[in-house]
Amino acid sequence: MANGNRSVLVVGLGRFGSAVATTLDHMGQDVLAVDRNAELVSRWSSILPTVQADLTDVMAVEQIGITDFTTAVVAIGDSVEASVLVTGNLLDAGISDIWAKSVSLQHARILERIGATHIINAETDAGKRVGHLVSGNYLDYIEIDGPHTVVKIHTPNHLIGYSIAEAQVHERYGVTVVAVKSPNRDLEYGSKDLVMHRNDELILMGTQDQIEQLIRG
């Protein structure tokens, strides 16, 4: 395994799993994609390292050599039972860092209870993000653990021409200006002396209510 890289097992080569696997591969990570569907494995075999196997079967898990992997992504969306069985088998095989896709709240709860490290609510998370973007207030939106979100907005009118310190962004709103991107300039970290201009893009971190209050002024 290359220095600084993870060795990642991706189980499931549907749209979600194949996107995860190809992204990791393009980033130079060591990836092995597994699916029980021979047609999908054949389709991706010229692009990714692939193996046809049904990892709901403990014997198949043992044959692949799971101990070589530090992380697994269980991207099975067509069968809750298969998703849970594969997650359990990978945990039993010693992979502690498991990202598992869920298709419902009940599915997420089961995955969480058996020990999946990260639950991916792919459709719900995407729906929330699109909803926030469609609202028109945000240029980008990312929900992170806990109550906080990271958003990108244009500088609100009431902050234009003020430095972060002068506007007292954190003191007044509880929001942190992580960075500022001005047109035709590199991204700058949000130092207190940085002045916010009309066409700047601000990257903010705070709770939803705090950020909405800042936008309203």
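Using our numbering, read the sequence shown as starting at 28 and increasing by one per residue. Glycine is no exception: its CB is placed at the ideal position from the N, C-alpha and C atoms. Note that the coordinates shown come from a computational prediction; the quantities given were computed from them, not determined experimentally.
Which residues does DSSP list as the beta-bridge partners of Leu59? Leu36
Which same chain residues end up closer than 6 Å to Leu40 when comparing Cβ atoms and leaving out the 5 residues on each side of it in sequence? Closer than 6 Å at the Cβ level, and outside the excluded window around Leu40, lie Ala60, Asp62, Leu67 and Trp71.
Same chain, Cβ closer than 6 Å to Leu118, five either side skipped, listed in chain order: The beta carbon of Leu118 sits closer than 6 Å to those of Gly142, all from its chain and outside the five residues before and after it, given in chain order.
So, for Arg42: in the same chain, excluding its five sequence neighbours on each side, which residues have a beta-carbon less than 7 Å away from its beta-carbon? none
Does the structure place the segment 114-129 close enough to the segment 97-104 that three or more beta carbon pairs sit under 8 Å? yes
Span of the beta strand (DSSP E) around Gly44: Note, Gly44: premise wrong, no beta strand (DSSP E); alpha helix (DSSP H) at Arg42 to His53.
In this structure, how does DSSP classify Val161 when only helix, strand and coil are distinguished? Val161 falls in the helix class under three-state DSSP.
Leaving out five residues on either side along the sequence, give the residues of the same chain with a beta carbon under 7 Å from the beta carbon of Lys155. Glu170
Met223, enclosing beta strand (DSSP E) - first and last residue: Element bounds for Met223: n/a, residue is neither H nor E.
Out of Thr182, Ile93 and Glu89, point me to the one whose CA is closest to Val37's CA. Comparing alpha carbon positions, the residue from Thr182, Ile93 and Glu89 closest to Val37 is Ile93.
Any idea if Gly104 is buried or exposed, counting beta-carbon neighbours within 10 angstroms, 16 or more meaning buried? buried
Inter-residue Cα distance where the pair is Tyr168 and Ala48: 23 Å
To test your reading of the DSSP string, which unbroken beta strand (DSSP E) runs of 3 or more residues are found completely within the segment 74-110? Whole beta strand (DSSP E) segments, 3+ residues: 77-79 and 98-101.
Whole angstroms are fine: how far does the CA of Val177 sit from the CA of His53? A straight-line Cα-Cα distance of about 25 Å links His53 and Val177.
Mark Gly244 as exposed unless 16 or more other C-beta atoms lie within 10 angstroms of its C-beta, in which case mark it buried. exposed
So that I know if they touch, is there some Cβ in chain C lying closer than 8 Å to that of Leu51? Any reference to chain C falls outside this structure, which holds one protein chain only.
From Val202, Ile74 and Met223, pick the residue whose C-alpha is nearest to that of Glu239; which is it? Val202
Pull up the distance between the alpha-carbon of Gln195 and that of Gln90, whole angstroms please. If you take the alpha carbons of Gln195 and Gln90, they lie about 59 Å apart.
For Leu138, three-class secondary structure by DSSP: helix
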